[in-house]
Amino acid sequence: MKKIGALGEQLVSQWLKTQEYKLLHQGWHCRWGEIDLIAQDKLTQTLAFVEVKTRSQSNWDENGLLAVNLAKQQKIFTTASLFLAKHPHLAELPCRFDVALVSYQVCQSQLGNSGLNIAETEEIKIGQPLLFGDRYKFTLQDYLQSAFEGF
(Lines of atoms letter the chains of each structure in order from A and count residues from 1; the text may use other names and numbers.)
(Lines give C-alpha, C1' and ligand atoms only; values in the text may rest on other atoms or scores of the structure.)
Protein backbone atom coordinates (compact mmCIF):
# COMPACT_ATOMS: atom_id res chain seq x y z
CA MET A 1 0.00 0.00 0.00
CA LYS A 2 2.93 2.33 0.57
CA LYS A 3 3.85 2.05 -3.12
CA ILE A 4 0.28 2.90 -4.13
CA GLY A 5 0.27 5.94 -1.86
CA ALA A 6 3.63 7.10 -3.26
CA LEU A 7 2.31 6.77 -6.81
CA GLY A 8 -0.78 8.79 -5.88
CA GLU A 9 1.44 11.51 -4.42
CA GLN A 10 3.56 11.47 -7.58
CA LEU A 11 0.45 11.95 -9.71
CA VAL A 12 -0.68 14.93 -7.61
CA SER A 13 2.80 16.49 -7.53
CA GLN A 14 3.02 16.29 -11.33
CA TRP A 15 -0.47 17.79 -11.65
CA LEU A 16 0.49 20.65 -9.31
CA LYS A 17 3.49 21.45 -11.50
CA THR A 18 1.19 21.78 -14.51
CA GLN A 19 -0.94 24.17 -12.43
CA GLU A 20 2.03 26.52 -11.88
CA TYR A 21 3.09 25.25 -8.46
CA LYS A 22 6.63 24.68 -7.28
CA LEU A 23 7.01 21.51 -5.23
CA LEU A 24 8.96 22.35 -2.07
CA HIS A 25 8.78 19.04 -0.21
CA GLN A 26 7.30 15.58 -0.54
CA GLY A 27 6.79 13.48 2.56
CA TRP A 28 7.98 16.13 5.03
CA HIS A 29 7.74 14.65 8.50
CA CYS A 30 8.46 15.43 12.11
CA ARG A 31 7.50 13.78 15.37
CA TRP A 32 3.94 15.14 15.09
CA GLY A 33 3.17 13.75 11.67
CA GLU A 34 3.78 13.98 7.95
CA ILE A 35 2.63 16.30 5.20
CA ASP A 36 2.39 14.55 1.85
CA LEU A 37 3.17 17.53 -0.36
CA ILE A 38 4.16 21.13 0.29
CA ALA A 39 3.86 23.30 -2.79
CA GLN A 40 3.99 27.01 -3.55
CA ASP A 41 1.74 28.72 -6.06
CA LYS A 42 4.11 30.60 -8.38
CA LEU A 43 1.54 33.35 -9.02
CA THR A 44 0.24 34.11 -5.52
CA GLN A 45 3.17 32.69 -3.51
CA THR A 46 0.62 30.83 -1.34
CA LEU A 47 1.88 27.69 0.37
CA ALA A 48 -0.34 24.65 -0.05
CA PHE A 49 -0.03 21.86 2.50
CA VAL A 50 -1.53 18.95 0.59
CA GLU A 51 -2.94 15.75 2.04
CA VAL A 52 -3.18 13.07 -0.65
CA LYS A 53 -5.62 10.21 -0.18
CA THR A 54 -5.27 7.31 -2.62
CA ARG A 55 -8.01 4.71 -2.56
CA SER A 56 -9.16 1.74 -4.60
CA GLN A 57 -12.32 2.22 -6.61
CA SER A 58 -14.40 0.23 -4.14
CA ASN A 59 -13.67 2.30 -1.04
CA TRP A 60 -15.90 3.11 1.90
CA ASP A 61 -14.69 6.58 2.81
CA GLU A 62 -15.63 8.75 -0.19
CA ASN A 63 -12.22 8.39 -1.90
CA GLY A 64 -10.45 9.19 1.36
CA LEU A 65 -12.30 12.38 2.20
CA LEU A 66 -13.78 10.93 5.39
CA ALA A 67 -10.27 10.03 6.57
CA VAL A 68 -9.40 13.73 6.78
CA ASN A 69 -11.40 14.11 9.97
CA LEU A 70 -10.93 16.74 12.68
CA ALA A 71 -8.12 14.80 14.41
CA LYS A 72 -6.24 14.40 11.09
CA GLN A 73 -6.74 18.09 10.31
CA GLN A 74 -5.30 19.09 13.69
CA LYS A 75 -2.32 16.80 13.13
CA ILE A 76 -1.65 18.33 9.70
CA PHE A 77 -1.98 21.85 11.13
CA THR A 78 0.47 21.08 13.96
CA THR A 79 2.93 19.54 11.49
CA ALA A 80 2.58 22.53 9.14
CA SER A 81 3.22 24.91 12.05
CA LEU A 82 6.44 23.07 12.86
CA PHE A 83 7.44 23.15 9.19
CA LEU A 84 7.00 26.93 9.16
CA ALA A 85 8.99 27.27 12.39
CA LYS A 86 11.86 25.37 10.75
CA HIS A 87 11.56 27.46 7.56
CA PRO A 88 11.02 31.01 8.87
CA HIS A 89 11.58 32.53 5.41
CA LEU A 90 8.25 30.92 4.40
CA ALA A 91 6.33 31.73 7.60
CA GLU A 92 4.98 35.09 6.38
CA LEU A 93 3.45 33.66 3.22
CA PRO A 94 -0.28 32.91 2.99
CA CYS A 95 -1.02 29.24 3.65
CA ARG A 96 -3.86 26.86 2.99
CA PHE A 97 -4.68 23.19 3.51
CA ASP A 98 -5.67 21.22 0.41
CA VAL A 99 -6.84 17.64 -0.04
CA ALA A 100 -6.26 15.60 -3.21
CA LEU A 101 -8.41 12.52 -3.79
CA VAL A 102 -6.89 9.86 -6.03
CA SER A 103 -8.38 6.53 -7.03
CA TYR A 104 -6.56 3.56 -8.51
CA GLN A 105 -7.29 0.17 -9.92
CA VAL A 106 -5.10 -2.75 -10.87
CA CYS A 107 -5.14 -3.36 -14.62
CA GLN A 108 -5.03 -6.73 -16.28
CA SER A 109 -3.77 -5.43 -19.62
CA GLN A 110 -0.18 -4.96 -20.70
CA LEU A 111 -0.86 -1.66 -22.48
CA GLY A 112 1.19 0.61 -20.24
CA ASN A 113 4.90 1.34 -20.42
CA SER A 114 6.60 -0.07 -17.37
CA GLY A 115 8.76 2.37 -15.44
CA LEU A 116 7.60 5.57 -17.16
CA ASN A 117 6.76 8.60 -15.08
CA ILE A 118 3.08 9.56 -15.25
CA ALA A 119 3.81 13.12 -16.41
CA GLU A 120 6.09 11.90 -19.19
CA THR A 121 3.36 9.92 -20.87
CA GLU A 122 0.16 11.97 -20.73
CA GLU A 123 -1.39 15.21 -19.60
CA ILE A 124 -2.98 14.94 -16.16
CA LYS A 125 -6.59 16.10 -15.90
CA ILE A 126 -9.00 15.80 -13.01
CA GLY A 127 -11.31 12.85 -13.56
CA GLN A 128 -9.31 11.32 -16.41
CA PRO A 129 -7.70 7.93 -15.73
CA LEU A 130 -4.04 7.40 -16.61
CA LEU A 131 -2.10 4.18 -16.95
CA PHE A 132 1.01 3.95 -14.82
CA GLY A 133 3.39 1.25 -15.87
CA ASP A 134 1.65 -1.92 -16.92
CA ARG A 135 -0.16 -2.54 -13.69
CA TYR A 136 -2.13 0.46 -12.41
CA LYS A 137 -4.65 3.02 -13.56
CA PHE A 138 -4.79 6.21 -11.45
CA THR A 139 -7.33 9.02 -11.51
CA LEU A 140 -7.09 12.38 -9.74
CA GLN A 141 -10.75 12.43 -8.70
CA ASP A 142 -10.77 15.84 -7.05
CA TYR A 143 -8.49 18.55 -5.73
CA LEU A 144 -10.02 20.53 -2.88
CA GLN A 145 -8.33 23.88 -2.29
CA SER A 146 -8.71 25.20 1.25
CA ALA A 147 -10.40 21.96 2.28
CA PHE A 148 -10.14 22.98 5.93
CA GLU A 149 -9.00 25.92 8.04
CA GLY A 150 -6.11 26.08 10.50
CA PHE A 151 -6.83 25.91 14.23
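Mapped onto our numbering, the consecutive letters of the sequence shown carry residue numbers 1 to 151.
Even for Gly, the Cβ is constructed at its ideal location relative to N, Cα and C.
Every value quoted in this text rests on a predicted model; they were computed, and no experiment measured them.
G127 to L11, Cα distance in whole Å?
Reading the sequence shown from its first residue, position 127 is the one you call residue 127. Reading the sequence shown from its first residue, position 11 is the one you call residue 11. Taking the straight line joining both Cα atoms gives about 12 Å.
Please classify V106: is it buried, with 16 or more other beta-carbons within 10 angstroms of its beta-carbon, or exposed?
Position 106 of the sequence shown, counted from the start, is the residue given in the question as residue 106. Exposed is the call here.
Segment limits, beta strand (DSSP E) that includes I76
For the purposes of this step, residue 76 is taken as the residue at position 76 of the sequence shown. Taken as a continuous stretch (DSSP letters only), I76 belongs to no beta strand (DSSP E), being part of the alpha helix (DSSP H) at L70 to K86.
Could you check the C-alpha separation between G115 and L130 for me, to the nearest Å?
In the sequence shown, the residue the question calls residue 115 occupies position 115. In the sequence shown, the residue the question calls residue 130 occupies position 130. Low confidence applies here, because G115 scores a pLDDT of 45, under 50, leaving its location unreliable and the question unanswered by this model.
I4 by DSSP, collapsed to three states: which one?
Sequence index remark: in the sequence shown, residue 4 carries index 4 (1-based). In this structure, I4 counts as helix in the three-state DSSP scheme.
Please classify Q45 as buried or exposed, where buried requires at least 16 neighbouring CB atoms within 10 angstroms.
Mapped onto the sequence shown, residue 45 falls at position 45. By the 10 Å Cβ count, Q45 comes out exposed.
What residue ranges within the stretch 8-35 form continuous beta strand (DSSP E) runs of no fewer than 3 residues, ordered along the chain?
21-30
DSSP state of L43, grouped into three classes?
Counting from 1 along the sequence shown, the entry for residue 43 is found at position 43. Three-state DSSP puts L43 in coil, outside helix and strand.
State the start and end residues of the unbroken beta strand (DSSP E) segment that holds A147.
Working through the sequence shown from its first residue, we reach residue 147 at position 147. A147 -> beta strand (DSSP E) spans Y136 to F148.
Looking at D36: is its Cβ nearer than 8 Å to the Cβ of V50?
Counted from its first residue, the sequence shown places residue 36 at position 36. Counted from its first residue, the sequence shown places residue 50 at position 50. Yes, they are a contact pair.
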